[in-house]
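**Student:** Chains as they are written, first to last, in the numbering used here: chain A, 37 to 333; chain B, 3 to 319.
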């Protein structure tokens with residue numbers, strides 16, 4: 037192999053790895069949010085992707101109508117979605133939790149209720165933004181990283197995805213509220229006896245999940261085109277990552293996101309149309325061979 | 003004496019009503035406008051899928067989201083075989099392929115319960131859809147297919163026949179020892195296995211039976227759509243609808259899912275062309291309200307009203 041060929045291989049590998057990290061960062065962000073909602077709150081929120089869509093469209097509106105930078109939208113969309121989701125949990129899911137006879141019944145009911153939310157949010161968005169494909173360009177000039185060429189918006193998205201998911205992970209493991217959340221995930225009743233306000237913690241977890249989805253939505257809007265119906269695809273990816281990492285394991289979701297992103301990037305290099313098929317094959321095989329995932333209990 | 007009169011009257015009146023309804027439905031194309039025939043065909047389709055779904059998921063409480071896979075297999079069987087074979091044969095083949103697929107999925111998912119089963123069934127139907135889509139775009143270079151058209155009345159009669167067979171099957175499974183076995187699996191799977199029920203076989207075969215009817219409905223519906231592609235045939239909504247319709251109607255009685263499906267299918271037909279977003283919005287709101295306030299669906303509401311609040315006891319049995 038000549039030097040030129042060697043450099044070409046290296047650049048290609050770098051290309052795939054960075055593209056994989058960008059995808060992986062966004063997947064990790066989405067999956068950690070879902071993992072928090074399911075792992076702690078037992079709500080397999082299939083409307084998770086709709087919050088991503090809301091984040092993306094709000095950013096689009098703020099940017100194209102008011103000229104507000106997507107990076108400022110992060111600070112706006114995240115908290116607004118947190119409040120909406122917090123209130124949804126306090127009313128809808130808490131009511132279901134109180135009326136369901138067991139946690140298994142609650143899991144089923146909350147899954148179905150979140151299907152209802154999916155239809156409601158998606159169709160309200162369709163009424164507001166119509167079914168058109170939208171997109172905007174933001175910071176799309178290229179930089180050269182050791183031979184591989186990337187646009188600035190993708191690198192910013194990568195940076196924010198990694199920083200946000202790590203910051204969140206540190207919050208969960210170090211902060212007081214984070215410890216309360218993990219206690220509630222492990223032993224809800226015991227945590228309640230120890231002075232953790234379970235209802236509040238559960239609603240906060242659900243809100244934080246939506247916050248992560250909102251952040252992911254802002255980043256997604258910087259990179260890809262969007263439609264009000266885009267949510268479900270992200271929800272599916274989030275579910276795959278959460279299962280890959282182990283249902284309920286937040287660390288697993290973080291790692292799983294990057295693994296799936298890298299796999300997706302490798303498959304996309306050979307045939308972009310196959311990436312979704314590859315995800316499903318991985319997902320199905322995983323459920324059959326090791327349903328508890330890489331870090332599941 | 004009293005008891006026998008009670009039971010005979012109990013069966014006579016509903017029996018007569020059903021007979022009259024059947025005669026009305028069977029003669030419908032003779033007097034009703036063409037639009038009504040098309041509308042009822044769509045309503046039957048949803049009832050078949052919903053009742054088919056309830057045959058397995060109702061008593062066992064395994065929520066399956068693979069309906070789209072079974073329905074889509076039927077659609078594609080019709081699209082591929084089309085005119086090569088008689089209509090009835092193609093429908094039977096479509097139904098049988100769905101049956102075998104469900105048997106396969108059923109035995110694959112033996113160890114999966116609760117949430118894992120739900121997401122697995124959803125994953126498998128999305129996998130089939132995406133694999134087919136990839137195959138059509140990259141290997142055959144032809145996305146979508148044209149299906150030959152069949153006369154509306156003929157589609158109606160075939161759908162009516164499948165509808166009647168589905169309801170009868172659901173009824174007899176429910177009344178049989180087999181139905182009791184399914185109920186006990188739903189209540190406690192380990193205990194059911196200990197009482198000598200072959201849990202694996204019962205689950206797998208029931209899942210396959212429910213898929214059989216979905217495949218048949220898909221095969222005949224394909225002739226009405228004229229054009230199909232993987233996104234239409236394996237539309238995930240086909241997986242969600244039966245769950246929502248069955249819950250809205252209530253799974254405590256056999257007519258619950260029938261009513262739930264009929265109401266939504268009718269709403270869809272009148273709303274979806276003019277106000278598609280409002281239809282789905284209403285759908286979502288009704289779903290949330292039904293989960294919150296109608297845990298036993300419309301049937302539960304009716305029973306509560308008739309028995310004056312003693313429905314709780316009934317629901318737990």
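Note that CB positions come from ideal geometry on N, CA and C, so glycine has one too.
Quick caveat, the model's predicted, so the values are computed rather than measured.
Taking Cβ-Cβ distances below 8 Å as the criterion, which residues of the region 171-205 of chain B are in contact with chain A?
**Tutor:** The region 171-205 of chain B vs chain A, Cβ under 8 Å: nothing.
**Student:** Could you compute how far the alpha carbon of residue 56 (chain A) sits from the alpha carbon of residue 228 (chain B)?
**Tutor:** Cα to Cα, the separation comes out at about 41 Å.
**Student:** Straight-line CA distance for residue 317 (chain B) to residue 298 (chain B)?
**Tutor:** Summary for residue 317 (chain B): the model assigns pLDDT 43, below 50, so the residue's position carries little reliability, and this model does not support an answer.
**Student:** Considering just the uninterrupted stretch of the alpha helix (DSSP H) at residue 22 (chain A), what are its terminal residues?
**Tutor:** In the structure displayed, chain A extends from 37 to 333; residue 22 (chain A) sits before or after that span and is not available.
**Student:** Taking C-alpha atoms, which residue in B:76, B:172, B:121, B:272 lies nearest to residue 58 (chain B)?
**Tutor:** Comparing Cα-Cα distances from residue 58 (chain B) to each of B:76, B:172, B:121, B:272, the minimum goes to B:172.
**Student:** Within its chain, find whatever has a CB closer than 6 Å to the CB of residue 124 (chain B); leave out the 5 residues flanking it on each side and keep chain order.
**Tutor:** These residues qualify, in order along the chain: 67.
**Student:** Cβ atoms of residue 32 (chain B) and residue 162 (chain B): under 8 Å apart, would you say?
**Tutor:** Contact flag unset, no.
**Student:** Listing by chain order, which chain B residues have their CB less than 7 Å from the CB of residue 144 (chain A)?
**Tutor:** Chain B residues near residue 144 (chain A): 65.
**Student:** Looking only at DSSP bridge pairs, what is residue 101 (chain B) linked to?
**Tutor:** Partner(s): none; residue 101 (chain B) has no beta bridge.
**Student:** Helix, strand or coil for residue 208 (chain B) per DSSP?
**Tutor:** Helix.
**Student:** Are the region 68-77 of chain A and the region 269-281 of chain A in contact at 8 Å, needing three or more beta carbon pairs?
**Tutor:** With a cut-off of 8 Å, the region 269-281 of chain A and the region 68-77 of chain A count as touching, because enough Cβ pairs lie within range.
**Student:** Using the three-state DSSP reduction, which class does residue 328 (chain A) fall into: helix, strand or coil?
**Tutor:** Three-state DSSP puts residue 328 (chain A) in coil, outside helix and strand.
**Student:** Using Cβ-Cβ distances below 7 Å, what residues of the region 265-286 of chain B are close to chain A?
**Tutor:** From the region 265-286 of chain B, only 279, 282, 283, 285, 286 have a Cβ closer than 7 Å to chain A.
**Student:** In chain order, what residues of the same chain have a beta carbon less than 8 Å from the beta carbon of residue 177 (chain A), not counting five sequence neighbours either side?
**Tutor:** 187, 188.
**Student:** Is residue 298 (chain B) helix, strand or coil by DSSP?
**Tutor:** Coil at residue 298 (chain B), not helix or strand.
**Student:** For residue 156 (chain B), tell me which candidate among B:118, B:230, B:42, B:132 has the shortest Cα-Cα distance.
**Tutor:** Of the listed residues, the one whose Cα sits closest to residue 156 (chain B) is B:42.
**Student:** Can you give me the start and stop residues for the alpha helix (DSSP H) that residue 261 (chain A) sits inside?
**Tutor:** Counting along the chain, residue 261 (chain A) falls outside any alpha helix (DSSP H), and DSSP gives it neither H nor E.
**Student:** Whose Cβ in chain B lies nearer than 9 Å to the Cβ of residue 327 (chain A)?
**Tutor:** Those within 9 Å of residue 327 (chain A) in chain B are 113, 114, 118, 122.
**Student:** With 8 Å as the threshold, decide whether the Cβ of residue 300 (chain B) is near any Cβ in chain A.
**Tutor:** It does not: the Cβ of residue 300 (chain B) has no partner Cβ on chain A nearer than 8 Å.
**Student:** What are the residues in the region 103-123 of chain A lying within 7 Å of chain B by C-beta distance?
**Tutor:** Listed by position along the chain: nothing, the set is empty.
**Student:** Beta-carbon of residue 139 (chain B) versus every beta-carbon of chain A: anything under 8 Å?
**Tutor:** Closer than 8 Å to some Cβ of chain A, the Cβ of residue 139 (chain B) qualifies, so yes.
**Student:** Taking just the CA atoms, how far does residue 160 (chain B) sit from residue 96 (chain B)?
**Tutor:** Approximately 14 Å, taken between the alpha carbons.
**Student:** Nearest to residue 311 (chain A) by CA position, among A:296, A:180, A:320, is which residue?
**Tutor:** Considering only alpha carbons, the answer is A:296.
**Student:** Just mark residue 70 (chain B) as buried or exposed, buried being the case when its beta carbon has 16 or more other beta carbons within 10 Å.
**Tutor:** It counts as buried.
**Student:** If the criterion is Cβ atoms closer than 8 Å, does the pair residue 316 (chain A) and residue 273 (chain A) meet it?
**Tutor:** Going by C-beta atoms, residue 316 (chain A) is not nearer than 8 Å to residue 273 (chain A).
**Student:** Could you check which residue in A:49, A:267, A:132 has the C-alpha nearest to that of residue 185 (chain A)?
**Tutor:** Considering only alpha carbons, the answer is A:49.
**Student:** Roughly how far, in whole angstroms, is the beta-carbon of residue 252 (chain A) from the beta-carbon of residue 88 (chain A), given that I think they are within contact range, below 8 Å?
**Tutor:** Indeed they touch by this definition, with Cβ atoms about 5 Å apart.
**Student:** Going along chain B in order, which residues have a C-beta closer than 7 Å to the C-beta of residue 140 (chain A)?
**Tutor:** The answer, in chain order, is 116.
**Student:** Under the three-state reduction of DSSP, which class applies to residue 151 (chain B): helix, strand or coil?
**Tutor:** The answer is coil: DSSP assigns residue 151 (chain B) none of H, G, I, E or B.
**Student:** I need the DSSP call for residue 337 (chain A), collapsed to helix, strand or coil.
**Tutor:** With chain A represented from 37 up to 333, any question about residue 337 (chain A) goes unanswered, as that position is not in the structure.
**Student:** State the Cα-Cα distance for the pair residue 272 (chain B) and residue 174 (chain B), rounded to the nearest angstrom.
**Tutor:** So the two alpha carbons sit approximately 33 Å from each other.
**Student:** In three-state DSSP terms, what is residue 63 (chain B)?
**Tutor:** Of the three classes helix, strand and coil, the one that applies to residue 63 (chain B) here is coil, per DSSP.
**Student:** Compare the C-alpha of residue 101 (chain A) against each of A:116, A:146, A:83, A:171 and name the closest.
**Tutor:** Closest option to residue 101 (chain A), Cα to Cα, is A:171.
**Student:** State whether the region 85-95 of chain B contacts the region 184-194 of chain B, with contact taken as three or more CB pairs (one from each stretch) at a distance under 8 Å.
**Tutor:** The region 85-95 of chain B vs the region 184-194 of chain B: no contact.
**Student:** Do you know how far the Cα of residue 107 (chain B) is from the Cα of residue 217 (chain A)?
**Tutor:** Spanning the two alpha carbons is a distance of roughly 37 Å.
**Student:** At the level of alpha carbons, what is the spacing between residue 329 (chain A) and residue 34 (chain B)?
**Tutor:** Taking the straight line joining both Cα atoms gives about 57 Å.
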